[in-house]
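This note's numbering puts the sequence shown at residues 4 to 228.
Yeah, the Cβ is synthetic: ideal placement off N, Cα and C, and Gly gets one too.
Heads up, the thing below is written out as structure tokens.
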Amino acid sequence: RDLKQLIANLRAQVEKDRAENPNIPALAEKNEKLKVQVEKIMENVIFYIDNSKETNAHYKLKFAMWKDAYENQRIETHIYSDAAKNIKKWRKGGIKTYIYSNAWSELQKLFLRYTTHGNLSRNIDGYFDTSIGKPTDVETFKKLLGIIKVKKASDVLFITKNPDEAMVAKKLGITCLLIISHAAQLKKIDKSVFQEFQKIRTFDELKFTDESPDEEEEDDDREED
4 RDLKQLIANL RAQVEKDRAE NPNIPALAEK NEKLKVQVEK IMENVIFYID
54 NSKETNAHYK LKFAMWKDAY ENQRIETHIY SDAAKNIKKW RKGGIKTYIY
104 SNAWSELQKL FLRYTTHGNL SRNIDGYFDT SIGKPTDVET FKKLLGIIKV
154 KKASDVLFIT KNPDEAMVAK KLGITCLLII SHAAQLKKID KSVFQEFQKI
204 RTFDELKFTD ESPDEEEEDD DREED
């Protein structure tokens, strides 16, 4: 029943959008064979993703698919060992960790609930997505600071791979750090950026004040490129 409702919502959204753009792939008629309906839904979803036009109806259908796959153990999220280890350590040490991502916040929770390192979602203090604002808008970071209630913006460490986002956050006094995991990423960034921000390759390079040394080092499972 839930799936039928999700598809009905998607159909209504697509029909509305096709009135303005006939190039959007239509869904199959309800009396078509199941295989044809699935193929048409896939074609439509891929079109919206490729054109960065996903709607709420698309997000909800995608979430239902992810949720079913995770809960039935058909997939799990790959998490680098340094990330998993440090997220747990920060939680234990009283350091609050938040995630701000383009991905829907409910999807973020799902990703971290079923990982190669177990359920990491319990180590996260809050999840934010672009419903709060774009990461290139200074007002977004003002809202985030208000929600997490810190005394000073400089007490917040914002870790991102996007220099533009770091530049915006820095305007409010937020401490920013670039995480560049692979050489391919490094080649795409103007070297002058590193005069503004320090960079790290793994979370193991982060050391907070009064932090105890790691009890156990794990192998770095990030591949070089």
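Test item: CB-CB of GLU46 and PRO28 under 8 Å: Numbered from its first residue, the sequence shown carries residue 46 at position 43. Numbered from its first residue, the sequence shown carries residue 28 at position 25. Closer than 8 Å, so yes.
Sub-8 Å separation of VAL17 and LEU6 beta-carbons: On the sequence shown, position 14 is the one that residue 17 refers to. On the sequence shown, position 3 is the one that residue 6 refers to. Taking 8 Å as the Cβ cut-off, VAL17 and LEU6 do not qualify as a contacting pair.
May I ask you to report which of helix, strand or coil DSSP gives THR139? On the sequence shown, residue 139 is found 136 positions in, with the first residue counted as 1. Assignment of THR139 by DSSP, reduced to helix, strand and coil, places it in the coil class.
Give the secondary structure of TYR130 by DSSP, where H, G and I count as helix, E and B as strand, and everything else as coil. Working through the sequence shown from its first residue, we reach residue 130 at position 127. TYR130: strand per DSSP, three-state reduction.
Between TYR117 and GLU79, which are expected to be in contact by the criterion C-beta below 8 Å, what is the C-beta distance as a whole number of angstroms? To locate residue 117, count along the sequence shown from 1; it is residue 114. To locate residue 79, count along the sequence shown from 1; it is residue 76. Confirmed, Cβ separation roughly 5 Å.
For LEU110, which option in ASN89, LYS63, LYS88 has the closest C-alpha, if you only look at C-alpha atoms? Translated into positions along the sequence shown, residue 110 becomes position 107. For LEU110, the nearest C-alpha among the options comes from LYS63.
At the level of alpha carbons, what is the spacing between PHE66 and ASP207? Translated into the one-based positions of the sequence shown, residue 66 becomes position 63. Translated into the one-based positions of the sequence shown, residue 207 becomes position 204. If you take the alpha carbons of PHE66 and ASP207, they lie about 32 Å apart.
For THR143 and SER108, I'd like the C-alpha separation in whole angstroms. As a first step, residue 143 is located in the sequence shown; it is residue number 140 there, counting from the start. As a first step, residue 108 is located in the sequence shown; it is residue number 105 there, counting from the start. Straight-line Cα distance between these residues: approximately 15 Å.
Across the stretch 51 to 61 and the stretch 91 to 100, are there enough close Cβ pairs to call them in contact, namely three or more that are closer than 8 Å? As far as the Cβ criterion goes, the stretch 51 to 61 does not touch the stretch 91 to 100, which means the pair count is below three.
For PHE211, three-class secondary structure by DSSP: As a working mapping, residue 211 is identified with position 208 in the sequence shown. Three-state DSSP puts PHE211 in coil, outside helix and strand.
Given 8 Å, three or more beta-carbon pairs between the stretch 142 to 157 and the stretch 117 to 127: No: fewer than three Cβ pairs fall under 8 Å.
Going by the beta-carbon positions, is the gap between ASP85 and THR205 smaller than 8 Å? Taking the sequence shown and counting its residues from 1, one reaches residue 85 at position 82. Taking the sequence shown and counting its residues from 1, one reaches residue 205 at position 202. Taking 8 Å as the cut-off, the beta carbon of ASP85 is found closer than this to the beta carbon of THR205.
Whose C-alpha, out of ARG21, VAL159, SER134, is nearest the C-alpha of TYR101? For this step, residue 101 is matched to residue 98 along the sequence shown. In terms of CA proximity to TYR101, VAL159 leads the group ARG21, VAL159, SER134.
I'd like the span of the alpha helix (DSSP H) that includes LYS91, first residue to last. Here residue 91 is taken as the residue at index 88 of the sequence shown, counted from 1. Per DSSP, LYS91 belongs to the alpha helix (DSSP H) from 84 to 95.
Please state whether the Cβ-Cβ distance between LEU180 and PHE200 is less than 8 Å. Counted from its first residue, the sequence shown places residue 180 at position 177. Counted from its first residue, the sequence shown places residue 200 at position 197. Yes; because the gap between Cβ atoms is below 8 Å, this pair is in contact.
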